[in-house]
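Undergrad: The working numbering runs 57 ahead of the 1-based position in the sequence shown. Cβ coordinates follow ideal geometry from the N, Cα and C atoms, glycine included.
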Amino acid sequence: MRIAVPNKGRLHDPSVELLERAGLHLVDGADRQLYAQTVDPDVTVLYARAADIPEYVADGAADIGITGLDQVREAEVDLVDLRDLDFGRCRLVLAAPEDDDSVTAVADFEGGRVATEFPNITRRFFEEQGVDVDITEVSGATELTPHVDIADGIVDITSTGTTLRMNRLEIVAEVLQSSVRLFAREDTADAEKVQQVDMALGSVLSAEDKRYLMMNAPEDALDDVKEVLPGMGGPTVMDIAGSDDVAVHAVVEESAVFETINDLKSVGASDVLVTEIERLVE
58 MRIAVPNKGR LHDPSVELLE RAGLHLVDGA DRQLYAQTVD PDVTVLYARA
108 ADIPEYVADG AADIGITGLD QVREAEVDLV DLRDLDFGRC RLVLAAPEDD
158 DSVTAVADFE GGRVATEFPN ITRRFFEEQG VDVDITEVSG ATELTPHVDI
208 ADGIVDITST GTTLRMNRLE IVAEVLQSSV RLFAREDTAD AEKVQQVDMA
258 LGSVLSAEDK RYLMMNAPED ALDDVKEVLP GMGGPTVMDI AGSDDVAVHA
308 VVEESAVFET INDLKSVGAS DVLVTEIERL VE
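1. Would you kindly check if the distance between the Cβ of residue 260 and the Cβ of residue 141 is under 7 angstroms?
2. Could you name the residues that DSSP lists as bridge partners for residue 240?
3. Check whether the stretch 214-233 and the stretch 245-254 are in contact - that is, three or more C-beta pairs closer than 8 angstroms.
4. Would DSSP call residue 56 helix, strand or coil?
5. Which residue marks the beginning of the alpha helix (DSSP H) containing residue 71, and which one marks its end?
6. Residue 319 by DSSP, collapsed to three states: which one?
7. Which residues in the same chain have their Cβ closer than 8 angstroms to the Cβ of residue 287, if we skip the five residues on either side of it in sequence?
8. Ignore the nearest five residues each way along the sequence and tell me which others in residue 75's own chain have a CB closer than 7 angstroms to its CB.
9. When the Cα of residue 173 is compared with those of 138, 189, 131, 114, which residue comes out closest?
10. Whole angstroms is fine: what's the gap from residue 59's alpha carbon to residue 205's?
11. Locate the beta strand (DSSP E) running through residue 65, then write down its first and last residues.
12. Need the endpoints of the beta strand (DSSP E) that residue 226 sits in, please.
13. On the CB-based measure, 16 or more other CB atoms within 10 Å of its CB, does residue 112 come out buried or exposed?
14. Please classify residue 145: is it buried, with 16 or more other beta-carbons within 10 angstroms of its beta-carbon, or exposed?
15. Starting from residue 111, follow the alpha helix (DSSP H) in both directions and report where the run begins and ends.
16. Going straight from the alpha carbon of residue 85 to that of residue 96, what length do you get?
17. Looking at the strands, I want to know which residues DSSP matches up with residue 211.
18. Here's the rule I'm using: 16 or more other beta-carbon atoms within 10 Å means buried, otherwise exposed. How should residue 64 be labelled?
19. Would you report the Cα separation of residue 327 and residue 274, rounded to the nearest angstrom?
20. By the 10 Å Cβ neighbour count, where 16 or more other Cβ atoms means buried, how is residue 272 classified, buried or exposed?
21. List the endpoints of the continuous beta strand (DSSP E) containing residue 202.
22. For a test of the three-state rule: what should DSSP assign to residue 179, helix, strand or coil?
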């Protein structure tokens, strides 16, 4: 099975890191190579441009792919969105010069020109809005086009809006919210190996905001300890040889750890240990 992964740019390192954390360690994956083997002899990584990955998966060159939702929508291919991988979040927005009072709503672009690296997404957006525009495809420096009379506005990616503000552009409307996802073809989405990879990636994401708590507690305080723990289901309780105490283990949200430890101490828990969780298969 081949997994298509961005070969460079802001999506490359997080994608490879996620595969590594999921146990799919890459071997012999030097830069500039097209392929990399993993510790699983049945799984190979294929490096490709993020924009090309939807076509690679759709055409069968790869079985699954890691890329942005924006790239799949732009490629106009029919893929199954298996999982949001929770990174690479951004928005595609329609923006216009902040000092142009004549363009403050989508309808104001009627008969105008819009520059973008995403012509298909942009075309569909304006069609849905019932607004007729002339779309100019550019390959970079999109934010400059309104200032050199190439376009009245742009559709471009933004994460924080800083680049737009630096170029004196103001957001008129949101076109699409995007993040990096795991995609598959319909005929491969239910394949056993695809499901195994999906589960492995999901187990890493499930563990990210969780912590594993271990503690000792008097057996007669166990009900109070259980009441305090905000974990997933009931805690695991084990006898401690030669002691009236029991060992209690639980998974809790990272955000609740500070308050939970204080509450546990107040009901008699001791020797509280907090550890990170690498993977959590729910």
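TA: For this structure:
1. Locating residue 141 in the sequence shown gives position 84, counting from the first residue. Locating residue 260 in the sequence shown gives position 203, counting from the first residue. Result no, Cβ atoms of residue 141 and residue 260 do not sit closer than 7 angstroms.
2. Translated into the one-based positions of the sequence shown, residue 240 becomes position 183. The beta-bridge partner set that DSSP reports for residue 240 consists of 122, 138.
3. No, the stretch 214-233 does not touch the stretch 245-254.
4. Only positions 58 to 339 of the chain appear in this structure, which leaves residue 56 out of reach.
5. Start at 1 with the first residue of the sequence shown, and residue 71 comes out as number 14. Start and end: 69-78.
6. Indexing the sequence shown from 1 puts residue 319 at position 262. In this structure, residue 319 counts as helix in the three-state DSSP scheme.
7. Residue mapping note: residue 287 aligns to position 230 of the sequence shown, counting from 1. Counting only Cβ-Cβ distances below 8 angstroms, and skipping sequence neighbours, we find 309, 310, 313, 317.
8. Counted from its first residue, the sequence shown places residue 75 at position 18. Cβ contact annotation for residue 75 (same chain, cutoff 7 angstroms, sequence separation greater than five): 142, 258, 261, in chain order.
9. If you number the sequence shown from 1, residue 173 lands on position 116. Checked all of 138, 189, 131, 114; the closest Cα to residue 173 is 131.
10. As a working note, residue 59 is residue 2 in the sequence shown. As a working note, residue 205 is residue 148 in the sequence shown. So the alpha carbons of these two residues sit roughly 44 angstroms apart.
11. What you label residue 65 is simply residue 8 of the sequence shown in a count that begins at 1. Here residue 65 belongs to no beta strand (DSSP E), and DSSP marks it neither H nor E.
12. Position 169 of the sequence shown holds residue 226. Counting along the chain, the beta strand (DSSP E) containing residue 226 begins and ends at 226-235.
13. On the sequence shown, position 55 is the one that residue 112 refers to. Residue 112 comes out buried.
14. For the purposes of this step, residue 145 is taken as residue 88 along the sequence shown, with counting starting at 1. Buried, since its Cβ has 16 or more Cβ neighbours within 10 Å.
15. One-based indexing of the sequence shown puts residue 111 at position 54. It spans 110-116 - the alpha helix (DSSP H) in which residue 111 sits, taken as one unbroken run.
16. As a first step, residue 85 is located in the sequence shown; it is residue number 28 there, counting from the start. As a first step, residue 96 is located in the sequence shown; it is residue number 39 there, counting from the start. Cα to Cα, residue 85 sits roughly 10 angstroms from residue 96.
17. Position 154 of the sequence shown, counting from 1, holds the residue named residue 211. Paired residues: 152, 172.
18. Within the sequence shown, numbered from 1, the residue matching residue 64 stands at position 7. So residue 64 counts as buried.
19. Position 270 of the sequence shown holds residue 327. Position 217 of the sequence shown holds residue 274. CA-to-CA, the gap between residue 327 and residue 274 works out to about 6 angstroms.
20. Within the sequence shown, numbered from 1, the residue matching residue 272 stands at position 215. With 16 or more Cβ atoms within 10 Å of its Cβ, residue 272 is classed as buried.
21. What you label residue 202 is simply residue 145 of the sequence shown in a count that begins at 1. Annotation: residue 202 is outside any beta strand (DSSP E) and is labelled neither H nor E by DSSP.
22. As a position in the sequence shown, residue 179 is number 122, starting the count at 1. Three-state result, residue 179: helix.
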